[in-house]
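This report concerns only the one structure given below.
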Amino acid sequence: MNFGIIGGGGISDTHARAVSELGLVISAFYGANRRKVDELSKKYGGTTFPSLDDFLNHEPMDAVIIGSPSGLHAEQGIACAKRGLHVLVEKPIDITLEKTDALIEACNRNRVKLGVCFQDRFSSDSMRIKQLIDSGGLGKPILVSGRVKWYRPPEYYSNSRWRGKLDLDGGGALMNQGVHTVDLLLWLLGDVKRVYAKALSALHDIESEDTLVATLEFTNGAVGTLEAATSIYPGYDRQIEITGSEGTLIFKHDRIVTADLKKPLEGGLQSNPSDTNQSSSSPIVSDITGHKKIVEDFVNAVQTNGTPRCDGTEGRRSVQLVQAIYESARRGQPVDIPLA
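Just so you know, we're using the numbering used here here: the sequence shown kicks off at 157 and counts up by one.
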């Protein structure tokens, strides 16, 4: 397969590296920052283009990975779909449900695949938790906690044209950093029917929140809390704790660190994390194992006419929950989430 890449930032370097290490071809680059895009082209090959139209006219190209600011994902993805190009988009799929639905519809109408980069679904221990919950091994879900207590320095926002901006980032710590955990909670435990949230800019001078706390009511009867922040110095590993009637699991960074279950966890605990990225204190992705698995899964879906592990419909779920949490924070009262 021949890939095109939209974006010139750090995540586009991650996408390009993942494609290259899998032995796939990068045929074209496009991004607003021409200097950065030219650097990626020199590093990974592929022709650079000054406009999106010129980029989309390039051949051969079978699929595009979009790593531009979040608020541009749907617009650019729709343009790709209209050219018959498969679309793999960085999280979140976009920042509003309206634009998300438009992208999903465009990909369906043009019969191209749509995938969303939620690499945490591919870690071995997250899949073990998924299997345990689905098989009833954790029993009835009771209490859930998701904590993303990260730190980003002021220049993370001040040196960016889009981070922390409502029109392009769609929010702050929740939409950008916490959305991975939102996706995991939905994937593992199912839909949320009601939220109540508080958000504030506690440390950074930005339009959106850098600190947020929400309570969640799941349709399966479980209740939980979600914390998302970029204001917590020096930053701590993401942690998810799930208690069911058969015991408790604690998932830290990308692995199970505690399994207090009535029946021992099959396979025991891993000794080392599979993801070595310092996400709690840095946006730099040095370990691309998860992103390579995403690309492999996406290529397989294209070649077999299958469905990516996180397709557009799945990616939509996190946007819907994030939007409901933001609405609750704005209104200062609980918000019910309509279920499909």
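By construction, the Cβ of each residue, glycine as well, lies at the ideal position given by its N, Cα and C atoms. Computed from a prediction, not measured in an experiment: that's the story for all the values here.
Put simply, the backbone Cα of I398 is about 16 Å away from that of R277. R486 is classed as exposed because its beta carbon has fewer than 16 other beta carbons within 10 Å across all chains shown.
If you draw a 10 Å sphere on the C-beta of V245, you find 16 or more other C-beta atoms in it, and that means buried. If you check the CB distance, L208 and A235 come in under 9 Å.
Taking the C-beta atoms as reference points, E365 is found nearer than 9 Å to G327. Assigned with DSSP and collapsed to three states, S387 falls in strand. Contact between the region 303-317 and the region 450-464 is absent: fewer than 3 CB-CB pairs across the two stretches fall below 8 Å. K354 sits close to L368, with the two beta carbons spaced by under 9 Å. A residue is called buried when at least 16 other Cβ atoms come within 10 angstroms of its Cβ; A496 does not meet this threshold and is exposed. About 13 Å separates the beta carbon of G223 from that of D250, a gap too long to meet the 8 Å contact definition.
Contact annotation, I221 with Y200: C-beta distance approximately 12 Å; criterion of less than 8 Å not satisfied.
Under the 8 Å Cβ criterion, the region 421-431 does not count as touching the region 461-474, having fewer than three qualifying pairs. Under the three-pair Cβ rule at 8 Å, the region 295-311 counts as touching the region 367-381. In the DSSP assignment, the residues bridged to P297 are G400.
Contact between I406 and Q395 is confirmed by a C-beta separation of about 7 Å, below the 8 Å threshold. DSSP, read as helix, strand or coil, puts C466 in coil. Looking from the CA of A385, the closest CA among T337, A258 and L180 belongs to T337. CA-to-CA, the gap between E422 and L344 works out to about 18 Å. DSSP places F159 within a strand segment (E or B) once states are collapsed to three. In the displayed model, H360 falls within coil according to three-state DSSP, outside both helix and strand. By the criterion of a C-beta distance shorter than 7 Å, Q333 is surrounded in its chain by V304, W306, A384 and T386, once the five residues flanking it on both sides are discounted. According to DSSP, Y186 shares a beta bridge with I162 and F205. Per DSSP, the continuous beta strand (DSSP E) segment holding R411 begins and ends at R411 to L417. Judged by DSSP in its simplified three-state form, K247 adopts coil rather than helix or strand.
Annotation: the continuous beta strand (DSSP E) that includes G271 extends over L270 to C273.
Inter-residue distance for A172 and G488 is about 42 Å (C-alpha atoms, whole angstroms).
Where L372 is concerned, the enclosing beta strand (DSSP E) starts and stops at T367 to F374. For H171, the secondary structure class from DSSP, reduced to helix, strand or coil, is helix. In the assembly as shown, Y389 is an exposed residue. Its beta-carbon has fewer than 16 other beta-carbons within 10 Å. Rounded to whole angstroms, the separation of the alpha carbons of R284 and S291 is 11 Å. F274 and C466 have their C-alpha atoms some 7 Å from each other. Shown here, Y482 sits in a helix according to DSSP, grouped into three states.
Beta-bridge annotation (DSSP): Y352 is paired with T371.
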